[in-house]
Structure formats: C-alpha cells, structure tokens
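Report on the following structure.
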Amino acid sequence: MPEEKKDELIHLTIDGMPVEVPPGTLVWAAAQQAGIEIPIYCYHPKMPPLGACRMCFVEIEKVPKPPQTSCTTPVAEGMVVHTKTEKVLKARQGTLEFLLLNHPLDCPICDKAGECDLQDFTLRHGPGKTRFDLHKRHYQKPIPVSNDVLLDRERCILCQRCTRFSSEISMDNGLVMISRGFRMEVGTAPGHAFDSVFSGNTTEICPVGALTASTYRFKARPWELKHTPGVCNNCSVGCNARIDTRVDRVTRLMSRNNDAIDDGWLCNRGRWEFGYVNNPQRLRTPLIRRNGQLSAASWDEAISYIATRLKEIKAQHGAQAIAGIGSTRTTNEEAYLFQKLLRQVLGSNNVDHQHGYFPGPRDQLTGKPWMMTNSIVDIEQASHIVLIASDPYQRQPILNLRIKKALRKGARISIINAAETELDRLATLKLTVPEGASAGVAAKIMLKQVLKNPEVDLTGHEEIRTLLQREDQVIRAGEDLFGARMTTQLQALADELVGAQGAILLYDEMATLEPGNEDLAADLQAIAVLTGQIDRPGAGVGPLFEDANSLGARDMGLLPDSLPGYQALAEPGLDYNEILSNSQVKALLVMGANPARHVADGKLSSGLELLVVQDLLLSETAQQADVVLPAVSFAEKDGSMTNVDHHVQAIHRALRPLPGARADWEILTALARYLGAEWDYTHPGDILLEIAGQNPFYAGLTWEELGAQGVRSLEEQEAAHV
Amino acid sequence: MPELIITKNLDVPGIDSLAVYQQYGGYTALAKALREYQPDALVEMMKVSGLRGRGGAGFPTGLKWSFLAKNNMPRYLCCNSDESEPGTCKDRVLMERMPHRLLEGVIITSYACHVQTAFIYVRGELTRAAEQVEKAVDEAYAAGLLGSNILGSDFSLDVIVHRGAGAYICGEESALMESLEGRRGYPRLKPPFPAVVGLYGGPTVINNCETLATVPAIVAGGAEWYASFGTEKSKGTRIFCLSGQVKNPGNYELPLGVPMRTLIYDEAYGGGILGDRELKAVIPGGSSTFILGADKIDTPLDYESIAAAGSMLGSGGVIVISDETCIVGAIARMSEFYRDESCGKCTPCREGTFWMTEILERLEHGHGEMRDIDLLLDICDNVSGKSFCPLGDAATSCITSGIRLFREEFEYHVTHGHCLTGPGSKQQAHETVQAVGSR
Ligand SMILES: Cc1cc2nc3c(=O)[nH]c(=O)nc-3n(C[C@H](O)[C@H](O)[C@H](O)COP(=O)(O)O)c2cc1C
Ligand code: SF4
Ligand code: SF4
Ligand code: SF4
Ligand code: FES
C-alpha cells in the first residue's frame, strides 16, 4: 500500500530542489512544502484559487509567456519551477510597487504592523523605493462595517480574501466589492451591516490592516503577544484557537487550523467573548458567609470549614443529604474529580449537571452513549442533512460553515424548526413547526413513515413499531397541526432518507427539554438506525451539545445514573431538578454552574445548610453561597475537553492564574485531602491517566498524546488497567 | 463593389421584420440545416469555410464548436453582442437593422452544437439594438422558429436576450458568463475553458454577434463558396468599422486581404483623410491593438499580414489618425478608457492603468518629466503579461506602440509643455490667445 501511494506522487523540481507532492497540488503549496516562500495575497488555502493579486509569480520551464502565477497552476510530472529568476523578481516588484502606490503606510498606528504581509513581503521581495510621485488616493479613515469590524479602505490591497470568505465560505455576501477598477472598494450592500457571526475571520485573513476588530484596535503590538495553543471554551464545537496574551490579559483569540474540527475558522463568539477572563470583578479570594455577609477568608480556612461542615451534615443526615452540580465548561479532569469526590469520598450519587433529556445513559437501540455518531468531517460527505430543532448558526456556529461546505458539494439540507434560522435561505426544505406542535411529533411522523417504507428491514426492531403504535393519537394530532402539505413533506423526507447515500440528523441537546420533545432523541436515533444512516461515512445522528465540555461531563459520569464511561448505576442518585427541589438535600457543592438561573425566582432551597460554589465571578448562585471559592478560566489551566464529535483536546495555561484563584481540580484535590482521601494529583495529566485506566472511551489516552490537535476517541475499548 | 455576405440586403426597408427578412430568403438556411444536415456535419462545414471569430481573437469557429465537452451537463450558447471596443460599431448595426440574420445564426449554431438554451448578451447602452433583437425573438417564437420542434423538426431552442449593465469587461467571454449568472463582471480563471465548464457549469459556445450572423450565409451558399473569398488563411469577408479622421466613416464589408489603403482612400469606402491631411497612423483592430505607422498603409487587412506588420485585426475597428492629432492626447484618452473599464480584479491592471493615466495626463498638460516616458514603458511591462486577463495587455498596446512610433511628441510635451501638432500646438494656442485678446 505505501508503495502504491508513493507512485501516485508527482515529481518536480523547484529552484533545483526535488519535491514530491500528490497530484492536484498547486505549485505554491509544493514550494511551501519545500520550504520556499512564494509571497501570496489573494490566495488562501481554504478557498479556491483566484489568481488576482499577481504576487505569486514563478517561471516554469517550457510554459509559454512567463511568468506564471503559482497559486493557480497545478504541479505536473517533471515540471521545473524557478522562483527567483530575473523575470519573476521584476514582476513581483512590479506588483508590490502597484500595491504601494496608494497605500498610506501608516504602520506606526496600524494594528497589523509586525504581522502584515505587505510589510513583510515588501521587505523580502519588494522594491526599496517608489517611482510614484503623484497624490495618493484618500478615503475616510476607518469606517465601521459592523459593530465589531472596521474597514480602512486606504490600507486595503483589494486582495478579495474577505469578500470571497463572505461569498464562498460563510455564503452570506456580508462584504462585497463595490465599483470597478481603481475605484473598487470593499463594502457592504447598501443599508446592510456586515453582521455575520463569522465576520471576525475576515479581520484575521486580511493580509493587511484594512479590516480590524474593534476589540483589539490599538490594544497591543503583535510582537508583544505570547501565543498559546488552546481550545475555544464557548460552545461544544471546540474550535482550536491560539490564545494571545499580554501582561496577564487575553488580548485576542486567533484561529488555529484543525481540519477535523474548525477548518481554520472561529465564530465571533469564540473569537471575542473572552471578556470574563479579564473581568476586573473576578473573584480573588475565598469567601465565607459570616453573620449573613460573604467575607474574605484564606484558602485553608475555607476548605477546612467546608470539610467540617460536610462531615457534620453527613453524620447528621447521611450521605444522601449531600449533592453536587458540575459544569459543562470545566475540564474532563475536573468533572471526573468532582463526581469522584461526591461518590467515593462523600458517598453520594446525587451528582448531575444541566443538560438535555436523554432516556438513560445509553441509547437502547445501539447500546451507545448519547452523542453524535458521525464526525464533523462526515457532515461534508453527507448527501442529506436534517436539522431538527437545532440552529448551529446561533449555538454551534462553526458547524454551520461545515454544513455550508456540504451544501457546496451538493448536500440537500432540510430544516425542521419553529423559528427562523440563518440556513433557511439555503435549505432545500424548511418546515416551520406550527404553534402547538413540536419537533418531537415531526420526528414521530417521520418514524411512522419509515416503518411503512417497504424497503426498511425491521428484523430485530419490531418493538419500535409497538412503541410507536402507542403514540398514534399523538401522531394524528400532530398531523392535524402540521396540516396535509407539511405532513406529506415530512413523509417524503423520511422516504428520502431510506435511500439516501448518506444522511445526518442533528438536533439540539436542549431542545429535548421542550414539551413534546421527550422522545426526540430516541425517535431520531430509531430513524437513523432503521434507514441505515448510521455507522458509515457521511451518515449519522445525534445531539448538538451546548457547551465546550458538555459531552466530557457526561463521559466523566457527571450524571446521577452512570459512572464514568456510562456504566449504569442500579440505584441512581437525584438528578438536576431533584437536587434543586428535594428538601432532603442539605449540602450542595456547585462547580462552575449557575443553577439559581433554573429555579423559580432565582432562590435556591432554604433548606440548604451548606452551599459551596466554585466560580470565576460572583454569580447569582454564588451570591447565595455559604462558601465561595475563586476558580480560574480555561485560559489559566491545563486539562482536556471533549467536543461534540468526541475529540478529546488539550487546553493549556496561557495566562498566569489570577492571584488568589485556583483551578477547580486543585480545589477539589485540596478538599478531598481535608476529607481524608489520599489524592496526590500534581497535574491534570495524572488525572487523565486515571481516567484512561477506567473509562473505556478514554482507554490509553495520555496528556502528551493529545498533542496540538486532540484525539477523536470513539470506540469503547477494554480499559487498560493501570 | 465586391459581393456582400453579412450585410447583404441590410438596406432593404423593413428587413428588420420577419416577413421582409423571409421574402429575401431569410430562414431558408435554417430550414436547410435542419433538413439536410446532422449537427456534426455543420461543425465540419464551419471548419471547411475557414470562418474565424470576429470578436477579437480570430479563433477558428468550427474548431471552437468541436471542443465542446461531451458530458451530461446542459450546453449553452452565448452570443457576444457586448460590443464595447472603442472603434467598433458593426454588431450594433447588425442587430438594429437585421436582427433576424443574427437570430438565424444563433439557431443554426445551437442546432450544430446541441444547445437548447441560447443567450444573446447585448451591451447595455445599445437600447435600440436590444429592442430590435427582442422583437425578432418574439416574432420567431410566434412563427415556430423558436421554442419546441422548430420548423417541425425535433430540435427545440429557447433564446433569452440579456442586457448588460455597462461594462467593457463583460465582453470578455468568461466575465460575460459571470455577469449572466448574476455576479460581478469579473473574468474567470482559465482553464477550464468555456467549452468545458462555461455558463452554469455547462459546456458553452461563445461567439461574437458578427460571427454568428455569418453562419446562415455559409449554410446557404456552402463552405467552399464562402472560403472562395478572402485569402488563403483569412477566408471570407468581414465588416470593417472605419472611424477617425477619414472622410466617409462607417461600416464596410470587404473580403479579408483588401489593402488598408483601399479601405481608407477608395471613394467607395473611406474616401481619404479628412481635410486631405497627411495620414499619421492607423489602429487596425480597435483600441486594444497596436498602432501602425502610415508606412503600413499598403498592408492587406487579413489576420496574418496585420500580425506581420506588428498589430492585430482584432474587432475590425479601423481608426484613422491624421497629422492633425497629437498622439499624446489620443493615447491619454484611450488610457482613461482602460482605467475606467478595468474590472479591478487584478493588481497590475487596476493600479497600472490608474498610474499610467495619471502620467499621461500630466504629460498631456505639460507637467511631465522626461523620465516619465521610460517609466510608462516600464509600467507597461509590469502590466502586460502580468495581468489576469487580456484587458491589462490591451491597455498597454497604444502606449508602447505610440511611444515607439512617436517618441518625439512625448518629449516635445515635456520640453515645451504643449503639443507638437494639432489643436494644442503652439501655433494653435497662439491663434486662440489672439482671438480672445482681440475681443
Ligand atoms: C477585455 C475584452 C473585451 C472583449 N469584448 C468583446 C466584445 O465586446 N465582443 C466580442 O464579441 N468579443 C469580445 N471579446 C472577445 C471575447 O472574449 C471572445 O473571444 C469572443 O466573444 C469570441 O467570439 P468569436 O470567436 O466569435 O470571436 C473581448 C475580449 C476581451 C479580453
Ligand atoms: S479588506 Fe483586507 S482582505 Fe479585504 S480585500 Fe482589502 S486587503 Fe483584502
Ligand atoms: S463555534 Fe463554538 S467552539 Fe467554535 S469558535 Fe464558535 S463558540 Fe468557539
Ligand atoms: S486585467 Fe485584471 S483588472 Fe484588468 S480587466 Fe482583466 S482581470 Fe480585470
Ligand atoms: S496569490 Fe497568486 S495571484 Fe494572488
């Protein structure tokens, strides 16, 4: 096999250096691989070649009319390329001279200075002086194209990366070219703002300082920034990001390409919503409630106080009086330790977190835990994508771009949603769930149709028919609400799935909490299984989770009915709602969650004798706590997170932790030790090893192995016992 | 008067109507094509006729048709009636006066190329031409010459007339397709060529209006008959659009190979230079082609001879320049055109045409420097061959050839601050000052 592969490579020489690349590779990319820099402006590896800026010239032997643009020329066997001939150098200098004609050269006040391709290429490839002695073209200095993005048309080199991002990647034409020739400029359609949730990407791919982000303007010089590889903490996609920090503050997030996850993009939420990390209101010291007031305490004081109170409550009311609510945004290691503390140290199974509704830890049909069965990349290969009660544009934004990529490859998109979504305009089918009906009943109508389809083999799944028959009344009522036309469309869609080359059905985790959607997860899973749209490329089904570590929290057993690795518990503890409403609960530990938002009038049970909250800020819940412990953000600690398609990814400490605050895993370790447990973890890597030893979905994983791009661990493996 | 082919009967009153066109033999070629020829035989016929594209590049038409990719995508025909090349005005007249001849050519070509949808892209400013073509299309539909089962055959065709929005670049074939598809008129990367991936991704034939209007005559008269006109390699006739300082400007259809002198001086055609002045230069194929000096006046007007003389036959727009014209001003004016019409997609053309025009304007107004002249040539070198599409190259033709032929006029502008010849020369300026002073 490897031999065969080798034969498929194309051989060429670039500046005398032999290079081997797969067919279809562009000369520019081949040179890049050989370590030869060819300057580019318009080309961007995530977009089709354009050939517009005329910067990437090379000379190719035996090709007429030199020079050629390397970004538009695919390699050919035996090709001989020169990147530094006289003709090439003159043409490049010519292009740079043209680009600089009207350029304001206001580098001292330009955010891009220091990481600007115009500066850098002029230095390396440009003419040392200009022959232009006329007046430069002037425009009003930056004009806002949205609340977040400013455009300086004088600095724009009209490379069209931003406009092509808008037309080809986000497909919203947020930025367009206006006028032609030397009057051409970037802008928005009349009366429209560049309000795409992806607009921030253009500020990153703009090779000059023409598009700048309002959050970063005049905040730093690029060379002052420290870069740390990280993962966005704002939703379940887990986009890879580079965290740029300067003197104990996060200044910006930049994309860090991971083809399997983000494809090189970040959404604006991910890029810009890190304000909470730098928030001056961050908690810097533990607080203990004394005489009704939260007042500062030392860590020792706080932890020993909690330990004492927990022991007392356990002695008085039993272990079942203790409960814990964990987080969907802390690391796997922290989620794991949290449930371990409750279960092993304190002896209570009353542990949960806020999440969607799923019947049991695993799906009955497949025996697999509740998670998206396909990978993010699989979405690209699908022929049909069905979004039921989900809106990735708002909630898992970067998945929206992956769906659009699938669309460009010909996928048909069907949307079933009560609300309008951004993708509606590109969808083949949009069904608006009428008032009173639900996505859940739409799924039932489809499932019923699937069962009727003669091509569907029911062997081994007869119970689905029986189960659905019981719902007949609900389905009929649903059909009435949807009306004849939409019901037929739902049925047609169901039939289409039967023969589809590859279909992916996605629903929002939180939609399962809405009335009528109780069976949504199970019914969609059943549709996928019966139509064969599971466990093959371009097919799948599953929930779109809410937060950066929603899936990790489940994996780690932050659930009342399962231990880490979805080992079901015979006697489940109290679930999230029960913990919040059951008066037997006397002590509640909350880590990185804000349950006060989910109870009536925001007040937690007055029967609580101890409420401990670990958080960054004094949340609504923390305000009611007896003890508040200051925690640190994702930017201040190491650990792993598990994203929506089960990539386990490492986050790294990018900032000095806020003085006075501690990582949740450190807090939990300290508390466990006070409670007499012999926990001696010194780094999250130690905890991950323990997880890997117990959790069959993490078997064999090590901190080092997570590397820069994470590992997609999906198969349940025999746990490698440590 | 040599035999007319494309403009035959052009002056017949009412020939723009279907009835009169048919009285004069219109649509018999179509009937013949449908009845007597398989599509491939028509492609072969075009090859034998030697017909070459009249849009500018002179590519053999039959060969172009034979390049269409064989796949299951729908095929399209685009008729390029965007005619915007300065000095060119033949397509407009064909469309205004004899739209059915074009339409007949479009239908035969569609049949030959297995096309079921054809677009006629008419330059936005040509309101009357577009109306005439639209009217002809309506008439043709009503008469069963368009639509399903044309003339009872199993060939069906729809024709859609589309009007441009006023951009020279949309005459470039791939920009025309972008524009038709509703996008900004930017040329596309080639390959793939339109014959493989064209309009809406389908294999597409694109031909100039005059090219297509020639097709019916070839079908009617036969390939050999058509090939008997013209020269060995440049066969047939074409319309020369004669303009500039000539006594009788206008469109003249002549066999290829006719000497330039005949076109410009013959009483039947140009009738000589305006005011009987000296001929200074000729631009033989529209403003995008190189300027030729007066010494080239005996060059035959065929593709090969004009190329040998150092220019191109281009769109057939022959622009006559007499000694009354200052070449600096003329070139500055042409340069403004390219600056304004550059689509802006690529750097050298967008910025280069701007810079060159600035320099030419300051030379013209007497503020230039001697080094500007060589600077212009160097900018031309950085634009030509470095741009994305031929418009960039075209923008440099008049400048490089103009400086080569008339460098002393540029130098005179630098040293004297005004023109060497023409209305802007010292002599003229003096006269004007006197006229004003005496008032
Ligand atoms: C900048 C530019 C403008 C052009 N404008 C026209 C035009 O107005 N009409 C035209 O027929 N061809 C024009 N062409 C040539 C077309 O690209 C194309 O070659 C032609 O329509 C092919 O038809 P033909 O083979 O019948 O000549 C232009 C080319 C360029 C590069
Ligand atoms: S704003 Fe930036 S990305 Fe957009 S065209 Fe200008 S230089 Fe290119
Ligand atoms: S899609 Fe989600 S993970 Fe990606 S950048 Fe946006 S918020 Fe962050
Ligand atoms: S040369 Fe470049 S800027 Fe000029 S018209 Fe062609 S693509 Fe547009
Ligand atoms: S990078 Fe190749 S032309 Fe722009």
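Chains as they are written, first to last, in this note's numbering: chain A, 1 to 722; chain B, 1001 to 1439.
Yeah, the Cβ is synthetic: ideal placement off N, Cα and C, and Gly gets one too.
* From A:HIS227 to A:ILE504, what does the alpha carbon distance come to, in whole angstroms? -> 36 Å
* Hey, quick one: how far does the beta strand (DSSP E) through B:HIS1162 stretch, first residue to last? -> 1158-1163
* Asked: Can you list, in chain order, the stretches of the alpha helix (DSSP H) that have 4 or more residues and sit fully within the region 275-319 of chain A?
  -> 275-278, 299-317
* To do: Could you name the residues that DSSP lists as bridge partners for B:TYR1252?
  => Beta-bridge pairing by DSSP links B:TYR1252 to B:PHE1240.
* Taking the alpha helix (DSSP H) that B:MET1373 falls in, what are its first and last residues? -> The residue asked about is misnamed: residue 1373 of chain B is Ile in this sequence, not Met. 1371-1383 is the span of the alpha helix (DSSP H), which, as asked, contains B:ILE1373.
* Asked: At a CB-CB cut-off below 7 Å, which residues of chain B make contact with A:ARG153?
  -> Result: empty, since nearest Cβ-Cβ is about 13 Å, beyond 7 Å.
* Asked: At which residues does the beta strand (DSSP E) containing A:PHE57 begin and terminate?
  -> That run of the beta strand (DSSP E) goes 57-60.
* **Inter-residue CB distance, B:THR1117 and B:ASP1158 (contact presumed, cutoff 8 Å)** => Confirmed, Cβ separation roughly 5 Å.
* When the distance is taken between beta carbons, is B:ALA1165 closer than 8 Å to B:CYS1343? -> no
* What residues of chain A sit near B:CYS1380, judged by a beta carbon separation below 9 Å? -> Those do not exist, as B:CYS1380 stays about 10 Å from chain A at its closest Cβ, beyond 9 Å.
* Asked: Is it the case that the CB of A:ARG249 approaches a heavy atom of ligand 6 more closely than 7 Å?
  -> The ligand content of the structure shown is limited to ligand 1, ligand 2, ligand 3, ligand 4 and ligand 5, which means ligand 6 is not among them.
* Asked: Where the beta carbon is closer than 6 Å to any heavy atom of ligand 5, which residues qualify, in chain order?
  -> A:ILE40, A:TYR41, A:CYS42, A:TYR43, A:GLY51, A:ALA52, A:CYS53, A:ARG54, A:MET55, A:CYS56, A:THR69, A:CYS71
* Asked: Counting contacts by CB-CB distance shorter than 8 Å, is B:ARG1439 in contact with chain A?
  -> The pLDDT assigned to B:ARG1439 is 38, lower than 50, so where the model puts this residue is not dependable, and the model offers no usable value.
* Would you say A:VAL19 faces chain B, with C-beta separation under 8 Å as the test? -> Between A:VAL19 and chain B, the shortest Cβ-Cβ separation is not below 8 Å.
* **Local conformation of A:ARG412 per DSSP, three classes** => A:ARG412 falls in the strand class under three-state DSSP.
* To do: Give, in chain order, every residue of the region 1329-1357 of chain B whose Cβ lies closer than 9 Å to some Cβ of chain A.
  => Per Cβ criterion, the list reads TYR1338, ARG1339, ASP1340, GLU1341, SER1342, CYS1343, GLY1344, LYS1345, CYS1346, THR1347, PRO1348, CYS1349, ARG1350, GLU1351, GLY1352, THR1353, PHE1354, TRP1355, THR1357.
* Proximal chain A residues relative to B:LYS1386, where beta-carbon distance stays under 8 Å -> ARG54, PHE57, PRO67, ALA91, GLY94, THR95
* With which residues is A:ASN417 paired in a DSSP beta bridge? -> A:THR432
* So is B:ARG1184 in contact with chain A if we call contact Cβ pairs under 8 Å? -> yes
* For the region 352-370 of chain A and the region 389-397 of chain A, state whether three or more C-beta atom pairs, one from each stretch, are separated by less than 8 Å. => Cβ pair count under 8 Å is below three, so no.
* Between which two residues does the beta strand (DSSP E) carrying A:SER640 extend? -> It spans 639-642 - the beta strand (DSSP E) in which A:SER640 sits, taken as one unbroken run.
* To do: Check B:VAL1436 in the structure and name its three-state DSSP category.
  => Confidence is the limiting factor: at B:VAL1436 the pLDDT is only 48, short of 50, which leaves the residue's position unreliable, though a coordinate-based value still follows. Note: B:VAL1436 maps to helix in three-state DSSP.
* Using the C-alpha atoms, what's the distance from A:ILE288 back to A:GLN533? -> 54 Å
* To do: Using a Cβ-Cβ cut-off of less than 7 Å, give me the residues of the region 94-119 of chain A that come near chain B, in sequence order.
  => GLY94, THR95, PHE98, LEU99, LEU101
* Asked: Can you find a CB in chain B that lies within less than 8 Å of the CB of A:MET79?
  -> no
* Asked: A:PRO543: which of A:GLY264, A:GLY607, A:LEU387, A:ALA650 sits nearest, CA to CA?
  -> A:LEU387
* Count the CB pairs spanning the region 1064-1074 of chain B and the region 708-718 of chain A that are closer than 8 Å, and state whether there are at least three. => Here the region 1064-1074 of chain B does not lie against the region 708-718 of chain A, with fewer than 3 beta-carbon pairs under 8 Å apart.
* Proximal residues to B:CYS1170 (C-beta, below 6 Å), its chain only, five neighbours per side dropped -> ASP1082, GLY1164, LEU1176, SER1179, GLY1185
* Terminal residues of the continuous alpha helix (DSSP H) containing B:GLU1036? -> 1028-1036
* Asked: Given that A:GLY51 touches chain B, what residues does it touch there, using C-beta distances under 8 Å?
  -> LEU1189, CYS1346, PHE1388
* Taking 8 Å as the CB-CB limit, is B:ALA1167 close to chain A? -> Interface flag for B:ALA1167 against chain A is set, since a Cβ pair is found closer than 8 Å.
* To do: Tell me, please, whether the CB atom of B:LEU1375 is closer than 8 Å to any CB atom in chain A?
  => yes
* If the cut is a Cβ gap below 7 Å, which residues of chain B does A:ARG131 touch? -> LEU1375
* Quickly, what does DSSP pair B:TYR1076 with across the bridge? List them, please. => B:THR1117, B:THR1204
* Asked: With which residues is A:ARG252 paired in a DSSP beta bridge?
  -> A:ASP244
* To do: Give the straight-line distance between the Cα atoms of A:PRO265 and A:ASN201, rounded to the nearest whole angstrom.
  => Just to set this straight, residue 265 of chain A is Trp in the shown sequence, not Pro. Approximately 6 Å between the Cα atoms of the pair.
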